[in-house]
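Residue numbers (our numbering): 237 to 568.
Where is the CB? At the ideal position from N, CA and C, for every residue including glycine.
These numbers were taken from a predicted model, which means no experiment stands behind them.
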(Lines of atoms letter the chains of each structure in order from A and count residues from 1; the text may use other names and numbers.)
(Lines give C-alpha, C1' and ligand atoms only; values in the text may rest on other atoms or scores of the structure.)
Protein backbone atom coordinates (compact mmCIF):
# COMPACT_ATOMS: atom_id res chain seq x y z
CA UNK A 1 0.00 0.00 0.00
CA UNK A 2 2.86 2.39 0.85
CA UNK A 3 4.44 1.70 -2.54
CA UNK A 4 1.17 2.49 -4.30
CA UNK A 5 0.78 5.77 -2.41
CA UNK A 6 4.37 6.72 -3.15
CA UNK A 7 3.83 6.07 -6.85
CA UNK A 8 0.63 8.11 -6.88
CA UNK A 9 2.39 11.05 -5.24
CA UNK A 10 5.28 10.82 -7.70
CA UNK A 11 2.84 10.63 -10.63
CA UNK A 12 0.99 13.74 -9.48
CA UNK A 13 4.26 15.64 -9.18
CA UNK A 14 5.65 14.62 -12.56
CA UNK A 15 2.47 14.71 -14.66
CA UNK A 16 0.52 17.99 -14.50
CA UNK A 17 -3.24 17.58 -14.30
CA UNK A 18 -3.83 20.50 -16.68
CA UNK A 19 -2.11 22.72 -19.20
CA UNK A 20 -1.89 25.54 -16.67
CA UNK A 21 1.73 24.82 -15.78
CA UNK A 22 2.63 25.26 -19.45
CA UNK A 23 0.46 28.29 -20.12
CA UNK A 24 1.83 30.09 -17.09
CA UNK A 25 5.17 30.16 -18.91
CA UNK A 26 3.64 31.25 -22.23
CA UNK A 27 4.54 34.88 -23.05
CA UNK A 28 1.39 35.27 -25.13
CA UNK A 29 -0.75 34.31 -22.15
CA UNK A 30 1.08 36.77 -19.93
CA UNK A 31 0.45 39.58 -22.41
CA UNK A 32 -3.21 38.57 -22.62
CA UNK A 33 -3.52 38.75 -18.84
CA UNK A 34 -1.59 42.00 -18.60
CA UNK A 35 -3.98 43.62 -21.08
CA UNK A 36 -6.99 42.40 -19.14
CA UNK A 37 -8.67 40.83 -22.16
CA UNK A 38 -11.89 38.92 -21.52
CA UNK A 39 -13.94 36.67 -23.74
CA UNK A 40 -16.78 36.12 -21.27
CA UNK A 41 -18.81 39.30 -22.07
CA UNK A 42 -19.33 38.08 -25.66
CA UNK A 43 -20.65 34.61 -24.78
CA UNK A 44 -24.30 34.10 -25.62
CA UNK A 45 -26.91 31.68 -26.88
CA UNK A 46 -26.86 33.30 -30.32
CA UNK A 47 -30.15 33.94 -32.11
CA UNK A 48 -31.01 35.58 -35.44
CA UNK A 49 -31.53 39.33 -35.02
CA UNK A 50 -30.53 39.31 -31.36
CA UNK A 51 -28.08 41.63 -29.61
CA UNK A 52 -25.12 40.58 -31.74
CA UNK A 53 -22.56 38.91 -29.43
CA UNK A 54 -23.79 41.17 -26.63
CA UNK A 55 -22.31 44.16 -28.49
CA UNK A 56 -24.62 46.54 -26.63
CA UNK A 57 -22.51 46.06 -23.50
CA UNK A 58 -19.41 44.15 -24.62
CA UNK A 59 -18.30 46.15 -27.66
CA UNK A 60 -16.01 49.10 -27.01
CA UNK A 61 -14.92 51.79 -29.46
CA UNK A 62 -11.52 52.86 -28.14
CA UNK A 63 -10.83 56.56 -28.68
CA UNK A 64 -7.24 55.67 -29.55
CA UNK A 65 -8.48 53.77 -32.61
CA UNK A 66 -11.71 55.49 -33.63
CA UNK A 67 -13.30 58.89 -34.00
CA UNK A 68 -16.91 59.74 -34.86
CA UNK A 69 -17.73 62.22 -37.60
CA UNK A 70 -20.34 64.96 -37.25
CA UNK A 71 -23.05 62.57 -38.46
CA UNK A 72 -22.22 59.88 -35.91
CA UNK A 73 -20.40 57.56 -38.33
CA UNK A 74 -17.18 55.98 -37.01
CA UNK A 75 -13.83 56.46 -38.70
CA UNK A 76 -10.71 54.40 -38.08
CA UNK A 77 -7.35 55.97 -37.30
CA UNK A 78 -4.59 54.72 -39.63
CA UNK A 79 -1.29 56.35 -38.73
CA UNK A 80 -1.70 59.95 -39.95
CA UNK A 81 -5.16 59.62 -41.51
CA UNK A 82 -8.68 58.51 -40.69
CA UNK A 83 -10.89 56.44 -42.99
CA UNK A 84 -14.39 55.03 -43.16
CA UNK A 85 -14.31 51.25 -42.85
CA UNK A 86 -17.32 49.06 -43.74
CA UNK A 87 -16.58 46.54 -40.98
CA UNK A 88 -16.35 49.29 -38.36
CA UNK A 89 -19.56 50.87 -39.64
CA UNK A 90 -21.29 47.48 -39.50
CA UNK A 91 -20.11 46.83 -35.95
CA UNK A 92 -21.25 50.27 -34.83
CA UNK A 93 -24.66 49.53 -36.33
CA UNK A 94 -24.80 46.20 -34.49
CA UNK A 95 -23.83 47.98 -31.27
CA UNK A 96 -26.74 50.41 -31.56
CA UNK A 97 -29.10 47.64 -32.61
CA UNK A 98 -28.31 45.84 -29.37
CA UNK A 99 -28.79 49.03 -27.38
CA UNK A 100 -32.17 49.57 -29.06
CA UNK A 101 -33.34 46.06 -28.17
CA UNK A 102 -32.73 46.93 -24.53
CA UNK A 103 -33.75 50.59 -24.39
CA UNK A 104 -36.50 50.71 -27.05
CA UNK A 105 -35.68 54.40 -27.45
CA UNK A 106 -36.09 56.32 -30.69
CA UNK A 107 -32.55 57.66 -30.34
CA UNK A 108 -30.98 54.19 -30.40
CA UNK A 109 -33.26 53.06 -33.23
CA UNK A 110 -32.40 56.13 -35.27
CA UNK A 111 -28.68 55.59 -34.69
CA UNK A 112 -28.97 51.99 -35.85
CA UNK A 113 -30.88 52.88 -39.01
CA UNK A 114 -28.52 55.77 -39.75
CA UNK A 115 -25.50 53.48 -39.52
CA UNK A 116 -27.25 50.78 -41.57
CA UNK A 117 -27.89 53.35 -44.28
CA UNK A 118 -24.30 54.58 -44.09
CA UNK A 119 -23.18 50.99 -44.68
CA UNK A 120 -25.62 50.63 -47.56
CA UNK A 121 -24.13 53.72 -49.20
CA UNK A 122 -20.71 52.04 -49.11
CA UNK A 123 -21.99 49.17 -51.25
CA UNK A 124 -21.09 49.03 -54.94
CA UNK A 125 -23.60 48.06 -57.61
CA UNK A 126 -22.18 44.53 -57.72
CA UNK A 127 -22.81 44.08 -53.98
CA UNK A 128 -19.20 44.56 -52.87
CA UNK A 129 -18.10 46.74 -49.98
CA UNK A 130 -14.91 48.20 -51.41
CA UNK A 131 -12.43 49.91 -49.14
CA UNK A 132 -11.80 53.45 -50.36
CA UNK A 133 -8.15 53.50 -49.27
CA UNK A 134 -4.96 51.50 -49.69
CA UNK A 135 -3.86 49.40 -46.74
CA UNK A 136 -0.66 47.55 -45.84
CA UNK A 137 -0.76 44.22 -44.00
CA UNK A 138 2.93 43.78 -43.11
CA UNK A 139 2.98 40.12 -42.13
CA UNK A 140 1.22 39.21 -45.39
CA UNK A 141 3.68 41.40 -47.31
CA UNK A 142 0.70 42.84 -49.15
CA UNK A 143 -0.39 46.40 -49.80
CA UNK A 144 -4.03 46.46 -50.79
CA UNK A 145 -4.80 49.11 -53.33
CA UNK A 146 -7.88 51.31 -53.18
CA UNK A 147 -11.13 49.37 -53.77
CA UNK A 148 -9.95 46.12 -52.18
CA UNK A 149 -12.60 43.74 -50.86
CA UNK A 150 -13.03 41.55 -47.79
CA UNK A 151 -15.22 38.57 -47.03
CA UNK A 152 -15.67 39.81 -43.49
CA UNK A 153 -17.21 43.07 -44.70
CA UNK A 154 -19.67 41.12 -46.84
CA UNK A 155 -20.61 38.86 -43.93
CA UNK A 156 -21.00 41.62 -41.35
CA UNK A 157 -23.28 43.47 -43.78
CA UNK A 158 -25.59 40.44 -43.79
CA UNK A 159 -25.87 40.63 -40.01
CA UNK A 160 -26.70 44.34 -40.19
CA UNK A 161 -29.19 44.20 -43.06
CA UNK A 162 -31.05 41.23 -41.56
CA UNK A 163 -31.63 43.31 -38.42
CA UNK A 164 -32.39 46.51 -40.33
CA UNK A 165 -35.14 44.76 -42.29
CA UNK A 166 -36.54 43.20 -39.11
CA UNK A 167 -36.98 46.64 -37.56
CA UNK A 168 -37.91 48.78 -40.58
CA UNK A 169 -39.48 46.28 -43.01
CA UNK A 170 -37.80 48.28 -45.78
CA UNK A 171 -37.12 45.96 -48.72
CA UNK A 172 -33.97 47.89 -49.64
CA UNK A 173 -32.15 45.98 -46.91
CA UNK A 174 -33.26 42.65 -48.37
CA UNK A 175 -31.91 43.67 -51.75
CA UNK A 176 -28.66 44.95 -50.30
CA UNK A 177 -28.15 41.78 -48.29
CA UNK A 178 -28.81 39.55 -51.27
CA UNK A 179 -26.32 41.55 -53.32
CA UNK A 180 -23.75 41.25 -50.53
CA UNK A 181 -24.32 37.50 -50.41
CA UNK A 182 -23.86 37.13 -54.15
CA UNK A 183 -20.57 39.00 -54.08
CA UNK A 184 -19.41 37.05 -51.03
CA UNK A 185 -19.86 33.81 -52.97
CA UNK A 186 -17.93 35.12 -55.99
CA UNK A 187 -14.58 33.29 -56.38
CA UNK A 188 -11.36 35.20 -55.82
CA UNK A 189 -10.42 34.37 -59.41
CA UNK A 190 -13.36 36.53 -60.50
CA UNK A 191 -12.66 39.39 -58.12
CA UNK A 192 -14.58 38.09 -55.10
CA UNK A 193 -13.61 36.67 -51.73
CA UNK A 194 -14.51 32.97 -51.89
CA UNK A 195 -11.78 30.37 -52.17
CA UNK A 196 -11.14 26.83 -50.90
CA UNK A 197 -8.84 24.88 -48.61
CA UNK A 198 -6.59 23.55 -51.37
CA UNK A 199 -3.64 25.63 -50.17
CA UNK A 200 -3.68 23.48 -47.04
CA UNK A 201 -4.43 20.16 -48.73
CA UNK A 202 -5.33 19.32 -52.31
CA UNK A 203 -7.92 16.84 -51.02
CA UNK A 204 -9.86 19.80 -49.60
CA UNK A 205 -10.23 21.63 -52.90
CA UNK A 206 -14.02 21.41 -52.66
CA UNK A 207 -14.22 22.91 -49.17
CA UNK A 208 -15.12 26.61 -49.26
CA UNK A 209 -13.51 29.53 -47.46
CA UNK A 210 -14.12 33.28 -47.37
CA UNK A 211 -10.99 35.40 -47.04
CA UNK A 212 -10.96 38.51 -44.89
CA UNK A 213 -7.72 39.46 -46.66
CA UNK A 214 -7.32 38.12 -50.17
CA UNK A 215 -3.78 36.86 -50.80
CA UNK A 216 -1.98 34.34 -52.95
CA UNK A 217 -1.48 31.85 -51.47
CA UNK A 218 -4.46 32.01 -49.15
CA UNK A 219 -3.82 33.00 -45.53
CA UNK A 220 -7.07 31.74 -43.95
CA UNK A 221 -7.71 34.44 -41.34
CA UNK A 222 -9.83 32.73 -38.69
CA UNK A 223 -11.77 35.52 -36.98
CA UNK A 224 -12.92 37.11 -40.24
CA UNK A 225 -14.16 33.79 -41.56
CA UNK A 226 -16.11 33.08 -38.39
CA UNK A 227 -17.73 36.52 -38.43
CA UNK A 228 -18.72 35.79 -42.03
CA UNK A 229 -20.31 32.53 -40.91
CA UNK A 230 -22.44 34.47 -38.42
CA UNK A 231 -23.61 36.73 -41.24
CA UNK A 232 -24.56 33.71 -43.33
CA UNK A 233 -26.43 32.28 -40.36
CA UNK A 234 -28.29 35.55 -39.78
CA UNK A 235 -29.37 35.65 -43.40
CA UNK A 236 -29.95 31.95 -44.00
CA UNK A 237 -31.98 31.29 -40.86
CA UNK A 238 -34.10 34.43 -41.08
CA UNK A 239 -37.41 33.31 -42.64
CA UNK A 240 -37.90 36.79 -44.09
CA UNK A 241 -34.97 36.21 -46.44
CA UNK A 242 -36.47 33.16 -48.16
CA UNK A 243 -37.02 35.21 -51.33
CA UNK A 244 -33.65 36.95 -51.17
CA UNK A 245 -30.99 34.26 -50.94
CA UNK A 246 -31.94 32.61 -47.66
CA UNK A 247 -31.47 29.04 -48.88
CA UNK A 248 -28.14 29.91 -50.46
CA UNK A 249 -26.89 31.53 -47.26
CA UNK A 250 -27.96 28.53 -45.20
CA UNK A 251 -26.11 26.17 -47.53
CA UNK A 252 -22.95 28.30 -47.42
CA UNK A 253 -23.13 28.40 -43.62
CA UNK A 254 -23.31 24.62 -43.44
CA UNK A 255 -20.44 24.20 -45.90
CA UNK A 256 -18.39 26.84 -44.12
CA UNK A 257 -18.74 25.38 -40.65
CA UNK A 258 -17.63 22.02 -42.05
CA UNK A 259 -14.58 23.70 -43.61
CA UNK A 260 -13.43 25.40 -40.43
CA UNK A 261 -13.67 22.14 -38.49
CA UNK A 262 -11.09 20.61 -40.81
CA UNK A 263 -8.41 23.18 -40.07
CA UNK A 264 -9.10 24.43 -36.52
CA UNK A 265 -6.26 22.41 -35.04
CA UNK A 266 -3.80 24.18 -37.32
CA UNK A 267 -4.42 27.50 -35.55
CA UNK A 268 -3.25 26.03 -32.25
CA UNK A 269 0.40 26.98 -31.91
CA UNK A 270 0.98 25.50 -28.48
CA UNK A 271 -0.80 27.26 -25.67
CA UNK A 272 -2.26 30.00 -27.86
CA UNK A 273 -3.85 30.59 -31.27
CA UNK A 274 -2.53 32.14 -34.45
CA UNK A 275 -4.41 34.87 -36.31
CA UNK A 276 -4.24 33.00 -39.60
CA UNK A 277 -2.41 30.12 -41.28
CA UNK A 278 0.27 32.17 -43.01
CA UNK A 279 2.82 30.10 -41.08
CA UNK A 280 1.71 27.15 -43.19
CA UNK A 281 0.87 28.68 -46.55
CA UNK A 282 3.61 31.32 -46.58
CA UNK A 283 6.23 29.43 -44.57
CA UNK A 284 6.83 32.03 -41.88
CA UNK A 285 6.51 32.34 -38.13
CA UNK A 286 2.97 32.05 -36.74
CA UNK A 287 1.25 35.42 -36.73
CA UNK A 288 -0.12 35.88 -33.22
CA UNK A 289 -2.26 38.91 -32.34
CA UNK A 290 -2.79 38.79 -28.59
CA UNK A 291 -6.31 40.24 -28.53
CA UNK A 292 -7.69 37.82 -31.09
CA UNK A 293 -7.30 34.76 -28.89
CA UNK A 294 -10.36 35.93 -26.95
CA UNK A 295 -12.23 36.41 -30.24
CA UNK A 296 -11.42 32.85 -31.28
CA UNK A 297 -12.66 31.59 -27.91
CA UNK A 298 -16.07 33.26 -28.00
CA UNK A 299 -16.50 32.42 -31.68
CA UNK A 300 -16.01 28.73 -30.87
CA UNK A 301 -18.67 28.99 -28.18
CA UNK A 302 -21.17 30.66 -30.50
CA UNK A 303 -20.55 28.14 -33.29
CA UNK A 304 -21.13 25.37 -30.78
CA UNK A 305 -24.44 26.93 -29.76
CA UNK A 306 -25.49 27.30 -33.40
CA UNK A 307 -24.48 23.84 -34.59
CA UNK A 308 -24.49 21.67 -31.48
CA UNK A 309 -21.14 20.30 -32.64
CA UNK A 310 -18.97 18.93 -29.84
CA UNK A 311 -15.97 19.77 -32.01
CA UNK A 312 -16.49 23.51 -31.48
CA UNK A 313 -17.19 22.93 -27.79
CA UNK A 314 -13.91 21.04 -27.42
CA UNK A 315 -11.94 23.91 -28.94
CA UNK A 316 -13.80 26.45 -26.85
CA UNK A 317 -12.82 24.56 -23.72
CA UNK A 318 -9.27 23.98 -24.91
CA UNK A 319 -8.54 27.55 -25.96
CA UNK A 320 -10.13 29.16 -22.94
CA UNK A 321 -8.12 26.87 -20.67
CA UNK A 322 -4.95 28.49 -22.03
CA UNK A 323 -5.92 31.77 -20.35
CA UNK A 324 -8.25 30.62 -17.56
CA UNK A 325 -7.18 29.93 -14.00
CA UNK A 326 -3.49 30.45 -14.64
CA UNK A 327 -1.93 29.93 -11.19
CA UNK A 328 -0.36 32.86 -9.37
CA UNK A 329 3.42 32.77 -8.90
CA UNK A 330 4.61 31.16 -5.69
CA UNK A 331 5.21 33.59 -2.86
CA UNK A 332 8.85 34.48 -2.39
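Out of curiosity, what's the CA-to-CA distance linking residue 306 and residue 435?
Taking the straight line joining both Cα atoms gives about 45 Å.
Cβ neighbour criterion (16 or more within 10 Å) applied to residue 385
buried
Using the rule of at least 16 other Cβ atoms within 10 Å of the residue's Cβ for burial, across every protein chain shown, is residue 291 buried or exposed?
buried
Which runs of the alpha helix (DSSP H) spanning at least 4 residues fall entirely within the region 451–481, listed in chain order?
458–472
Roughly how many angstroms separate the alpha carbons of residue 278 and residue 417, rounded to a whole number?
25 Å
Where residue 527 falls, given that 16 or more other Cβ within 10 Å makes a residue buried
exposed
Our contact map puts residue 404 next to residue 349 with C-beta atoms below 8 Å; I'd like the distance itself, whole angstroms only.
6 Å
How would you write the range of the beta strand (DSSP E) that residue 446 sits in, first residue to last?
Segment 444–446, the beta strand (DSSP E) holding residue 446.
For residue 329, which of 400, 467, 378 has the nearest alpha-carbon?
It is 400 whose Cα lies nearest to the Cα of residue 329.
Could you check if residue 492 is buried or exposed, using at least 16 other CB atoms within 10 Å of its CB as the buried criterion?
buried
Quick one: Cα of residue 532 to Cα of residue 459, how far?
6 Å
Would you check if the distance between the CB atom of residue 530 and the CB atom of residue 274 is smaller than 8 Å?
yes
Within its chain, find whatever has a CB closer than 7 Å to the CB of residue 346; leave out the 5 residues flanking it on each side and keep chain order.
none
Once the 5 residues before and after residue 410 are set aside, which same chain residues still bring their CB inside 8 Å of it?
Cβ contact annotation for residue 410 (same chain, cutoff 8 Å, sequence separation greater than five): 397, 401, 476, 477, 479, 480, in chain order.
Excluding five sequence neighbours on each side, which residues of the same chain lie with their C-beta closer than 6 Å to the C-beta of residue 513?
456, 502
Per-residue burial, residue 293 [other beta carbons within 10 Å of its own, 16 or more giving buried]:
Exposed.
For residue 519 and residue 471, I'd like the C-alpha separation in whole angstroms.
36 Å
Taking C-alpha atoms, which residue in 507, 390, 489 lies nearest to residue 360?
Nearest C-alpha to residue 360 among 507, 390, 489: 390.
Collapsed DSSP secondary structure at residue 267 in the structure displayed:
helix
Out of 451, 407, 423, 312, which one is the CA nearest neighbour of residue 379?
Among 451, 407, 423, 312, the Cα nearest to that of residue 379 belongs to 451.
Nearest CA to the CA of residue 393: which residue from 557, 321, 300?
321
Considering only C-alpha positions, which residue in the set 351, 271, 286 is nearest to residue 308?
351
Give me whichever residues DSSP pairs with residue 302 in a beta bridge.
312
How big is the Cα-Cα spacing for residue 473 and residue 552?
23 Å
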